[in-house]
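J.: Before I ask anything, let me first share the structure, which is written out below as C-alpha cells.
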Amino acid sequence: MGERFVVVPVDGGGAIAGERERSDAVVSDPAPDTGGSAGGGGAGAEEIEEGEDSVFEPQDPNTVVPILEYNREPNKYGDGVPKENSPFINNTENDKGNSYDGTNMALFEEEMDSNPMVSSLLNKLANYTNLTQGAQEHEEADDDEGSKKKAVKSPQMGTFMGVYLPCLQNILGVILFLRLTWIVGTAGILESLAIVCLCCSCTMLTAISMSAIATNGVVPAGGSYYMISRSLGPEFGGAVGLCFYLGTTFAGSMYILGTIEILLTYIVPKAAIFVAEKKEDQLDALLNNMRVYGTCCLALMAVVVFVGVKYVNKLALVFLACVILSILAIYAGVIKTIFEPPDFPVCMLGNRTLQNLNFDKCLKTDFIDNMTVTTKLWMLFCEGPELNATCNDYFVNNNVTMIQGIPGLTSRVISENMWSEYGPLGMMVENKKLSSLGGSDSAQDIYMPYVVNDITTFFTLLVGIYFPSVTGIMAGSNRSGDLRDAQKSIPVGTILAIATTSVIYVTCVVLFGACIEGVLLRDKFGDSVKGNLVIGTLSWPSPWVIVIGSFFSCCGAGLQSLTGAPRLLQAIARDGIVPFLQVFGHGKANGEPTWALLLTAGICEIGILIASLDAVAPILSMFFLMCYLFVNLACAVQTLLRTPNWRPRFKYYHWALSFLGMSLCLALMFICSWYYAIVAMAIAGCIYKYIEYRGAEKEWGDGIRGLSLNAARYALIRLEEAPPHTKNWRPQVLVLLNVDSDQGVKHPRLLSLTTQLKAGKGLTIVGNVLEGTYLTKDAEAKRAEQNIKSSMSAERTKGFCHVVVSSNLRDGMSHLIQSAGLGGMKHNTVLMAWPGTWRQSNDPQSWKNFIETVRESTAAHHALLVAKNVDSFPTNQDRLGEGTIDVWWVVHDGGMLMLLPFLLRQHKVWRKCKMRIFTVAQMDDNSIQMKKDLQMFLYHLRLDAEVEVVEMHDNDISAFTYEKTLMMEQRSQMLKQMQLSRTEREREAQLIHDRNTASHATINDKAETGPDRVHMTWTKDKLFAERNRNRECNANVAVRDLFNMKPNQSNVRRMHTAVKLNGVVVNKSQGAHLVLLNMPGPPRNRGGDENYMEFLEVLLEGLNRVLLVRGGGREVITIYS
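As C-alpha cells, this is what we get:
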C-alpha cells in the first residue's frame, strides 16, 4: 500500500495550524527519507515525547493538537538493514517514538510493542534492502568523505548483468589460457572430456543446491559462508567459511602466478632477473623469477585494493571484455584453420620435439654460396661448428624434420590426440608417427634442447590442476543485494553461466585436439614455437590477442580475489563465532577491512613462494571442493528434515541430487590429492572443534540443530521401549538446588559433587522451586535459571536447568520428581543437601518438605543421595591426597553403595583415595565367613576395596539412650504446644479484628437512628485477664505432663541403633574423606517425622562429609559381563 496517515498539528479550534482558511488541507510528509517505519510521522510527529500516550489531551485550549490526515503519497521509508534474527518482529528500536493512535484496534494496543500491525510489517517487507557488503558502501564513504550519506538506490541489476556475466568472468580464467591445451595433450581428448564433465557436473549439482538455499529467503553479503553457516550452524559455517576464505586467497596467488607467467614467458622474457646458463637450471630460474615478480605484483595489487575498491569494480567490465574477446578469438582461429591454417612449424629431431628458441632454421647444415655450413642447431648438439666435429649420437643418427604445429580442423589429427600420454619428470615430448633411431645417452639428453615434461603427469594431478577453472559459481549469490529479483536471478544466471562455460570447455577440448598437433599440445610453455602461447597460435587475428587478453584477465581475477577474500574474513570476524579473528572485523573509517587485507596478502604470499601454478591449483581445489561439499550437505539436510522454514522458490532440486553432488565433491578431493584432502579436512575439523569449544553461542535455526532434534527424538523413542539393563545403568541425577532471596545458588558444591560423580556422562537435571505464581515470579524464575546456569558453567556441570514456580515448595518438588526429563531420558537418582538448620527454623515445613521428598523419591523408585555438610565437599580444582572413601553397607540397596565410590574415583579429585567397605554383623552371624564372602563378591564385581566386618552386640539400652529419647520426645511435645498456642493467638487476633469491625458498623447504624442505651457485661481488660489466667493454668498442666511423660519404646530402640551405629562409624571413619551410609527410611506414621530427623542427626553426629544413600529398588551393579 502506498497510502499512509500523517500526523498534522491542529490548533484548539480544530483548524490546521497556519492554514485555518483551507477546509480540505492535506499536508505531505515533511521528512520522507528519515527511515521511520509505517505509522511513524514526520518532523511534527517526532516532537511528541516518547513517554506520552497516543491520545494527546491538551491542558491549554490554544495548544496545537495533532490529528490524523490521510496521505496517498508513496512510502519512502525503510532504508536500513534489518537485524539478522528477524527484520520485522520485535524490532522496536526504530519505532520508539511512534505511538499507536486510533480506536479501531484498541483491543490490541497493549501488545503493539511486540506484535506490530500488519501494515507496519508489510511496509518493512516492501522496503527491505540488503546491499552487498563492500564495494558500494565503501565507494559512497570515499566519495562523501563521511560528510553526508547518499540516498540508497534500489537495486536494478538483472539476471544477465548481475549474475550471468560475473559468474562467467569468475569461471573462465587462467587455466583455460595457460593449461587447457597441455591437459588435452597429456590426458587425451577422451580423458580430458571426462575431467571436464566430472568437474562441471560437480559445480552444476552444487549450483542446484545453492539455488535452493539462495531462494529460501534473502541472502546477505557473504555468499556461500552465509548460506552454510545459517543452514548448518556456526561450527560448520565458521570452518567452511574459513576454508572458502583460504581457497579465495590461494586463488589470488594462482592468478598472480598466472599473470607473472604470461609476463615473463610470453610478453617480456628479457625482464627475467634470474637467467639459467644451463638447460637443467631453467626450471629453478623460472620459479625464482616468479617469486620475485609475484611478490612485487602482490604488493602492487594490495595497494590498489587498499586505496579504493571502486577502481577494481570499475575495471571489472574491462577484464570481462578481455575474457570474452579472447574466447571469440579462439573460435575465430578454429574456423580460419579450415581454410588457411596458421604457419607455426615445429622442429623435430627424429621423433623428439626441439625447443625452437636459440636457432632460426630447422636444419643441421645449410648451403650458402655453394658452401655447406653448419647452423645454430648444429652448435647445440656438436662440440664445434666444423663438419667433422664430435656430435651427439642421436643427432647424428636421426634427421631433422619440420611438422605443422596447427594442421587445422580438417587434418584428422583428432584421432592421434584421443589417448593419453602421461610420463615422469624429464620425459621427452615425442611424436610416435616419426621414425627414431637409437644411440641416445639419457645422461646427456638432459642438457640437449629437447621439450620435456617439467612435472610427473597422471590423471588425478590433472583433475586437481583443472578444477579451479570451474570455480567461481558463487559470484551471483555474493551480489544478491544488487539484484532486482535475487530469487529469480541467482538460479537462472548461475546455472546458465555453468552451462555456457561447460559448453566452452567441452568444445575447446575437442577443437584443441582436432586442430593442434599432439607434441605442441604437450609443450606447456610453447618452447617449440619460439616461446609463443600455445593457445595463442590458434587464435585469430594474432596470438597477441590471447596473450594480452589472458594477462588482463588474470590481473582482474587476482584483484577480485584480493577484494573479496578480506571481506569474507571480515564477515566471519564480525559474526563473532571465531574469537581470535575479532581483530580482523575492524578496518578503516569507511569499513575497508585493512587488517583482513594484510592477513590475506600474507597468506597469498605463501602461494607466491610456492611459485608453481601446478602446485598451487590443487591446494585451492581442496578448499573450494570442501565449500561445495557443505553447500550440498546443507541442501540435503534441510530437504530431508522438511523444516517448516524450508520453502525455496527454486523447485528443481532433490535431496538425491545434493547427496550426489556431495559425494562427487568428496571423491574429487581425494582424486585430486589425498594428502591435501586430509590436511584440508583436518584444518576444517580443528576450526570446528575450536568454535565448538571457545566460540560464541549462536542460534541461527540451522539444519544441524534440526538433525540433532530428529536424532534425539528417535533415540528417546527407542529408549522408552524398555528400561535400561543393569549393565547400562548409571545415575541420571536430578539435583534439587536451593536459591537465596536474590536467586543466588546456596550450595554450589552440590554441583561440584554432581560433576565428580557424573564426569560429563549421562543425564543431569538441576531443579529449583520458587514459591508463588508464574505470572508474578516470571522475572525471578528467569534470573534464578540464569544464575544456576552460570554456577553450572563454573562447576563444569553438563546438564539442563529446570526452574519451577509453584504455589508451595512441597508441590513444586513433587512436580520436579514426577515430570523432570523426557521419555526415556528421565532421572533415576535424586541428589539434595541435608537441611542443616532444621532445628533452628521456626517453620517446621522445611524438614517436613525434606521428609516428603524422601517418601516421594522412594515411591517413584528413584535412588536418593543426601549430602550432609555439602559446603565442605571438595571443589573440582581440589586434589585429595592419600585417604579413604568409607562405605558402611548396613542393608542391601541394589548396589548403589558399591557403584558410587567407583564412579567418584574416576574423577581426578578422588582418584588417589582408597575404598573401604564396612558391613555390620549381628550376634548370629559368622563374621569371618561374611568377610570372605564380601571379598569374593567384590572380586567378581571387579572392585578394589578393603573389607572389614564390624560386630555389633545386643547390649542393654543405656541410660544415655533412654534420656536422649526422652529429651527428643519432650522437645517434640513442647514444639507442638508452642505451635498450637501460636495458632490460637492468630485465630484470636483475627476474631477480635472481626468483632471490632462489626461493632463499628453497628455504632454507625445506631448514630443515624438516634442514641440508645448500651449494656456491657465484659470490658476488654477483664476479658484479656481472664483469658491469660486460663492460659497459665493450661501451661502449668502441660509442663507437668512433659515432666511426667515416658518415652515410646519403639523410639528408644531406634535411638539405641542410631547411637550405637554412630559410635562405630565415628570410631572407624572419622578421618575418612567421605563416608557413604545407608539412609534409613522415614516412618510410615507421619506423626513420627520429627523424631526421624532426630534419629538421622544422632546417626551423623561427629562426621564431616557424609553421603546418605537410599536405593531405588533395583539392582544397579552386576557381576556378569
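For the sequence shown, my numbering puts the final residue at 2275, and the numbers step up evenly by one. Glycine included, C-beta positions come from ideal geometry on N, C-alpha and C. Being a predicted model, the structure only gives us computed values, none of them experimental.
1) Leaving out the 5 sequence neighbours to the left and right, which residues in its chain are closer than 8 Å to Ile1626 when beta-carbon positions are compared?
2) Looking at the secondary structure, which residues open and close the alpha helix (DSSP H) in which Lys2085 lies?
3) Take every Cβ of the region 2202 to 2213, pair it with every Cβ of the region 2245 to 2265, and state whether three or more of those distances are shorter than 8 Å.
4) By the three-class DSSP mapping on this structure, what secondary structure does Tyr1829 have?
5) Do you know offhand how far Gly2267's Cα is from Glu2010's?
6) Return the Cβ separation of Ala1711 and Tyr1318 in integer angstroms, given the expectation that the two are a contact with Cβ distance under 8 Å.
7) Please report the residue range of the alpha helix (DSSP H) in which Trp1532 lies.
8) Consult DSSP for Ala1456 and reduce its assignment to one of helix, strand or coil.
9) Could you pull out every unbroken alpha helix (DSSP H) segment of at least 4 residues lying fully inside the region 1983 to 2041, listed in chain order?
10) Does Tyr1137 come out as helix, strand or coil in the three-state DSSP assignment?
11) Could you tell me the alpha carbon to alpha carbon distance between Val1429 and Gln1436, rounded to whole angstroms?
12) Quick one: using the 10 Å Cβ neighbour count with 16 as the cut-off for buried, is Ser1960 buried or exposed?
13) Write down the C-beta distance between Thr1313 and Ser1643 rounded to the nearest angstrom, noting that I regard them as a contact closer than 8 Å.
14) Can you tell me which of the three DSSP states Leu1541 falls into?
15) Quick one: residues in its chain with C-beta nearer than 7 Å to the C-beta of Met1533, no 5 flanking neighbours on either side, listed in chain order?
16) Cβ of Leu1692 within 9 Å of Cβ of Thr1491?
17) List the endpoints of the continuous beta strand (DSSP E) containing Ala1430.
18) Is there contact here, the region 1935 to 1943 with the region 1895 to 1909, by at least three beta-carbon pairs under 8 Å?
19) Are at least three pairs of beta-carbons, each pair with one atom in the region 1785 to 1803 and one in the region 1742 to 1762, less than 8 Å apart?
20) Would you kindly report the start and end of the unbroken beta strand (DSSP E) that includes Cys1501?
21) How long is the line joining the alpha carbons of Val1605 and Ile1649, rounded to whole angstroms?
22) For Val1957 versus Asn1922, is the C-beta distance shorter than 9 Å?
23) Suppose you measure from the CA of Asp2025 to the CA of Pro1989; what does that come to, to the nearest Å?
24) Closer than 8 Å by C-beta to Ile2273: which residues in its own chain qualify, once you throw out the five before and the five after it? Chain order, please.
25) Is Ala1668 near Asn1585, with beta carbons less than 9 Å apart?
26) What does the alpha-carbon distance come out to for the pair Val2008 and Glu1925?
27) Just the C-alpha distance for Ile2271 and Leu1905, rounded to the nearest angstrom, thanks.
28) Assuming Cys2277 is part of the alpha helix (DSSP H), what are its boundary residues?
29) With DSSP collapsed to three states, give me the class of Gly1190.
30) Skipping 5 residues on each side, what residues in its chain have a beta carbon closer than 7 Å to that of Leu1563?
31) For Arg2070 and Thr2029, which I take to be in contact (beta-carbon distance under 8 Å), what is that distance rounded to the nearest angstrom?
32) Am I right that Phe1621 and Leu1452 are in contact with their C-beta atoms under 8 Å? What's the rounded C-beta distance?
33) I want to know whether the region 1498 to 1518 touches the region 1460 to 1467 - three or more CB-CB distances under 8 Å.
34) By DSSP's criteria, Trp2043 is part of a beta bridge. Which residues make up the other side?
35) On the DSSP bridge assignment, give the partners of Arg1098 in chain order.
36) Have a look at the DSSP bridge pairing and note the partners of Cys1955.
T.: By the coordinates alone:
1) Walking along the sequence shown from the start, residue 1626 turns up at place 472. The question names Ile, but residue 1626 in the sequence shown is Gly. These residues qualify, in order along the chain: Cys1321, Gln1323, Asn1324, Ile1325, Gly1327.
2) By one-based count along the sequence shown, residue 2085 stands at place 931. Taken as a continuous stretch (DSSP letters only), the alpha helix (DSSP H) holding Lys2085 covers 2081 to 2094.
3) yes
4) Stepping through the sequence shown from its first residue, residue 1829 is reached at position 675. Helix.
5) Within the sequence shown, the letter at position 1113 stands for residue 2267. Within the sequence shown, the letter at position 856 stands for residue 2010. The alpha-carbon atoms of Gly2267 and Glu2010 are separated by roughly 13 Å.
6) Stepping through the sequence shown from its first residue, residue 1711 is reached at position 557. Stepping through the sequence shown from its first residue, residue 1318 is reached at position 164. Actually they are not in contact, since the Cβ atoms of Ala1711 and Tyr1318 sit about 17 Å apart, beyond 8 Å.
7) Here residue 1532 refers to the residue found at position 378 of the sequence shown. Unbroken alpha helix (DSSP H) run through Trp1532: 1530 to 1535.
8) Locating residue 1456 in the sequence shown gives position 302, counting from the first residue. Helix, per DSSP.
9) 1999 to 2013
10) Residue 1137 lies beyond the residue range present for the chain, which begins at 1155 and ends at 2275; the question has no answer from this structure.
11) To locate residue 1429, count along the sequence shown from 1; it is residue 275. To locate residue 1436, count along the sequence shown from 1; it is residue 282. Computed Cα separation, rounded: 7 Å.
12) Position 806 of the sequence shown, counted from the first residue, corresponds to residue 1960. Ser1960 comes out buried.
13) Position 159 of the sequence shown holds residue 1313. Position 489 of the sequence shown holds residue 1643. Contact holds; Cβ gap of about 4 Å.
14) Here residue 1541 corresponds to residue number 387 of the sequence shown, with the count starting at 1. In this structure, Leu1541 counts as coil in the three-state DSSP scheme.
15) Within the sequence shown, residue 1533 is the residue found at index 379, counting from 1. If we look at Met1533 and ignore the five residues flanking it on each side, its Cβ neighbours are Pro1539.
16) As a first step, residue 1692 is located in the sequence shown; it is residue number 538 there, counting from the start. As a first step, residue 1491 is located in the sequence shown; it is residue number 337 there, counting from the start. Yes. Within cutoff.
17) In the sequence shown, residue 1430 corresponds to position 276, counting from 1. Counting along the chain, Ala1430 sits inside no beta strand (DSSP E), nor does DSSP assign it H or E at all.
18) yes
19) With a cut-off of 8 Å, the region 1742 to 1762 and the region 1785 to 1803 do not count as touching, because too few Cβ pairs lie within range.
20) Against the sequence shown, residue 1501 aligns to sequence position 347. First-last of the beta strand (DSSP E) with Cys1501: 1499 to 1503.
21) Taking the first residue of the sequence shown as 1, we reach residue 1605 at position 451. Taking the first residue of the sequence shown as 1, we reach residue 1649 at position 495. Taking the straight line joining both Cα atoms gives about 40 Å.
22) By 1-based counting over the sequence shown, the position of residue 1957 is 803. By 1-based counting over the sequence shown, the position of residue 1922 is 768. Yes, they are a contact pair.
23) As a first step, residue 2025 must be located in the sequence shown, where it is residue number 871. As a first step, residue 1989 must be located in the sequence shown, where it is residue number 835. In a straight line, the C-alpha of Asp2025 is about 12 Å away from that of Pro1989.
24) The count along the sequence shown starts at 1 and reaches residue 2273 at position 1119. These residues qualify, in order along the chain: Phe2091, His2094, Leu2095.
25) Locating residue 1668 in the sequence shown gives position 514, counting from the first residue. Locating residue 1585 in the sequence shown gives position 431, counting from the first residue. At least 9 Å separates the beta-carbon of Ala1668 from that of Asn1585.
26) To locate residue 2008, count along the sequence shown from 1; it is residue 854. To locate residue 1925, count along the sequence shown from 1; it is residue 771. Approximately 20 Å between the Cα atoms of the pair.
27) As a position in the sequence shown, residue 2271 is number 1117, starting the count at 1. As a position in the sequence shown, residue 1905 is number 751, starting the count at 1. Their backbone Cα atoms lie some 24 Å apart in a straight line.
28) Since the first and last residues shown for the chain are 1155 and 2275, residue 2277 lies out of range.
29) Numbered from its first residue, the sequence shown carries residue 1190 at position 36. With a pLDDT of 38 at Gly1190, under the threshold of 50, the modelled position of that residue is not reliable, and the figure given next carries that caveat. In the three-state scheme derived from DSSP, where H, G and I count as helix and E and B as strand, Gly1190 is classed as coil.
30) Looking up residue 1563 in the sequence shown gives position 409. If we look at Leu1563 and ignore the five residues flanking it on each side, its Cβ neighbours are Val1488, Thr1491, Ile1492, Ala1668, Cys1669.
31) Your numbering for residue 2070 matches position 916 in the sequence shown. Your numbering for residue 2029 matches position 875 in the sequence shown. 24 Å between Cβ atoms; not a contact.
32) One-based indexing of the sequence shown puts residue 1621 at position 467. One-based indexing of the sequence shown puts residue 1452 at position 298. Not quite, the Cβ-Cβ distance comes to about 23 Å (not below 8 Å), so this is no contact.
33) Under the Cβ criterion (8 Å, minimum of three pairs), the region 1498 to 1518 does not count as touching the region 1460 to 1467.
34) In the sequence shown, residue 2043 corresponds to position 889, counting from 1. Answer is Thr2073, bridged to Trp2043.
35) Since the first and last residues shown for the chain are 1155 and 2275, residue 1098 lies out of range.
36) Residue mapping note: residue 1955 aligns to position 801 of the sequence shown, counting from 1. Partner(s): Val1920.
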